[in-house]
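I have placed the structure first, in the form of structure tokens, so that the comments after it can refer back to it.
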Amino acid sequence: MTLSVSAPGAGAPTEVAVKIVDTDVHPSPRSASEALDFIPEPWRSRNLPNEVYTLPGAPL
Numbered sequence: 001m002t003l004s005v006s007a008p009g010a011g012a013p014t015e016v017a018v019k020i021v022d023t024d025v026h027p028s029p030r031s032a033s034e035a036l037d038f039i040p041e042p043w044r045s046r047n048l049p050n051e052v053y054t055l056p057g058a059p060l
């Protein structure tokens, strides 16, 4: 994206009054077995750690 400003001071203001900041937190377990206590049966006994496929270097 290219932004052109023709005169100094033209364009967006330098300060914006912020009233609300919305964030999301996505914690992830260190391993699949760490999450087993939070998974209801019958899913817990389905050998979850061996069924989860992740990309190399992924947190789960």
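Read left to right, the sequence shown gives residues 1 to 60 (the numbering used here).
All C-beta atoms in this analysis are idealised placements derived from N, C-alpha and C, irrespective of residue type, glycine included.
All figures in this text were calculated on a predicted structure; none of them were measured in a lab.
Item                                                                                   : Value
Sub-8 Å separation of Ala35 and Pro29 beta-carbons                                     : yes
Straight-line Cα distance separating Arg46 from Asp24                                  : 30 Å
Length-filtered (4 minimum) alpha helix (DSSP H) runs lying within the region 17 to 53 : 48 to 51
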